[in-house]
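For reference, the structure is listed below as structure tokens.
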Amino acid sequence: MEGNVNSGKLEQDIFELIDKSNNVWIFPHINLDGDAVGSAYGLKAILEEQGKTVEVITEKMWAIRTNAPENGFIEADPVKIMSAVITGEETFVENTDLIIAVDSADDTRLGIRLKTFKSFTEQGKTIVFDHHLKNKLDATFKYLQPELSSCAEVLCELFLKNRAKEEQLSPMIANNLLLAIFADTGRFMHNYTDSTFSWATLLAKYCPDVEKIIKALYKSKSIAARRLVGKVFEEMREVFPGVWIAYLSLKDVEEAGGTDYDMDSFSNEMLETDGVDISAFIREVRTALEDGSEGRCFKVSMRSNSDFNVRDICAPLGGGGHAGASGCTLEASSIEEAYKMLLPVIEREMAKQKK
Ligand SMILES: [Mn+2]
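This is how it looks when you write it as structure tokens:
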């Protein structure tokens, strides 16, 4: 179902499906980020309070469990984010009767878990919680709030709004949902509303160690990340007034030993520079071609300081995200070709949005 407009009926249907399910798997997306893991473990805690047996299954855990061959596309879990996550009791869920995907906007985000998710959807046993503008993942029920900062805030709205004010939140709920909100707002630099701050205030009240979250997300970078960001600052150039682009090739990244996680913040860091209103960080990545061989494509991550909407640049190029933080993947044979795809769209949008 489409489910872009949430109704009381949808909420009721979701609560009923959860009520009758006992054993739940939660799938965060591949290339885990703070919102994906924080939302997954926060939701686990919420459902455990309701007496459910819940297991968060990342792509990596799934690969281990199913003995899936290492195909080179399974990223290591971002250990640093995980160190700030409270995972609770380790559970091993069998006889699963419900799968919930969090923060996952389309099929590709579930990686090798997609087949199982689809078979559960055929049986009417899946839910998606998400905040991406366009959610294309098929599920029994889709609860989408594209105007919210993070998937965690969607969970707050659905599961915590009607709790009594004096009712305490467990540290596991508070810590994980707050971590997710910090991560997806770039510690309140984009995508937030007044309501995001309200939720953060409530969560912080019950969060045992806010500082630990901040440290895990922002104060602890690998040597590879530091070397690569140096290269980003060295090479970034202004393509239009206030619009800066930086590019790292696969060779750059591999020589430094960088991971996806290391480069997660680069477009934000570019934006934290005088004179940069819009940043675009581009990196070359490996991709699997249809015939099974390996190809290359270019991942673009854009940020905006101003009122400029970068989603309107990324969306026509097949991507998405939010007004201040968006991304897309360019299927190009070279970086020059990727620039030829991206720059005209930036130019066109600048002209359009200036009006
Ligand atoms: Mn998110």
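FYI, the numbering for the sequence shown is 6 to 360, going by our numbering. We put the beta carbon where it would ideally sit given N, CA and C, even for glycine. From a predicted model like this one, the values you see are computed outputs, not experimental measurements.
Distance between beta carbons of T201 and S270, contact taken as under 8 Å: At roughly 19 Å, the Cβ-Cβ gap does not stay under 8 Å, so S270 and T201 are not in contact.
A155 CB to nearest heavy atom of ligand 1 below 7 Å: It is worth fixing the name first, because residue 155 is Ser in this sequence and not Ala. Checking the Cβ of S155 against ligand 1 gives yes.
Run of the beta strand (DSSP E) containing S331, from where it starts to where it stops: 330-335
Pick from E216, E341, Q55, E171 that is closest to L253, judged by C-alpha positions: E341
Outcome for D24 when other beta-carbon atoms lying within 10 angstroms are tallied against a minimum of 16: exposed
Under the three-state DSSP convention, the category N273 falls into: helix
C302 - DSSP class collapsed to helix/strand/coil: strand
Run of the alpha helix (DSSP H) containing N27, from where it starts to where it stops: Run containing N27: none; DSSP gives neither H nor E here.
Three-state class that DSSP yields for I35 in the structure shown: coil
As assigned by DSSP and simplified to three states, the class of E352: helix
Selected residue, minimal CA-CA separation from L208, among A221, Y197, I186, G325: I186
Other residues of its chain near A320: CB distance less than 6 Å, five sequence neighbours each side excluded: none
Any non-hydrogen atom of ligand 1 within 7 Å of H136 CB: yes
Residues of its chain near M241, where Cβ-Cβ distance is below 7 Å and the 5 sequence neighbours each way are ignored: W249, I250, A251, M275
Ligand 1 heavy atom lying under 7 Å from the CB of D108: yes
Cβ shell of K361 (< 8 Å), same chain only, five flanking positions each side left out: Nothing about residue 361 can be read from this structure; the chain reaches only from 6 to 360.
Supposed close pair I283, A89 - CB separation, criterion 8 Å: Incorrect: roughly 30 Å between the Cβ atoms, too far for contact.
Three CB pairs or more closer than 8 Å across the stretch 170-179 and the stretch 302-309: no
Buried versus exposed, by CB contacts within 10 Å (16 or more), P33: buried
D111 CB to nearest heavy atom of ligand 1 below 7 Å: no
Buried versus exposed, by CB contacts within 10 Å (16 or more), A356: exposed
Closer than 7 Å: D102 CB and nearest ligand 1 heavy atom: no
Own chain residues within Cβ distance below 6 Å of V159, not counting five before or after: F134, H136, Q150, L153
Runs of alpha helix (DSSP H) wholly within the stretch 91-160 (minimum 4 residues, chain order): 119-127, 156-160
Enclosing alpha helix (DSSP H) for T201 [first to last residue]: 199-210
Under the three-state DSSP convention, the category I62 falls into: coil
Close Cβ partners of G300 (< 7 Å) along its chain, the five nearest in sequence each way excluded: T292, L294
Coarse secondary structure for E239, derived from DSSP in three states: helix
Residue environment, M6, which counts as buried when at least 16 other CB atoms sit within 10 Å: The pLDDT assigned to M6 is 43, lower than 50, so where the model puts this residue is not dependable, and the model offers no usable value.
Boundaries (first-last residue) of the alpha helix (DSSP H) holding E216: 215-219
Extent of the continuous alpha helix (DSSP H) to which A261 belongs: 255-261
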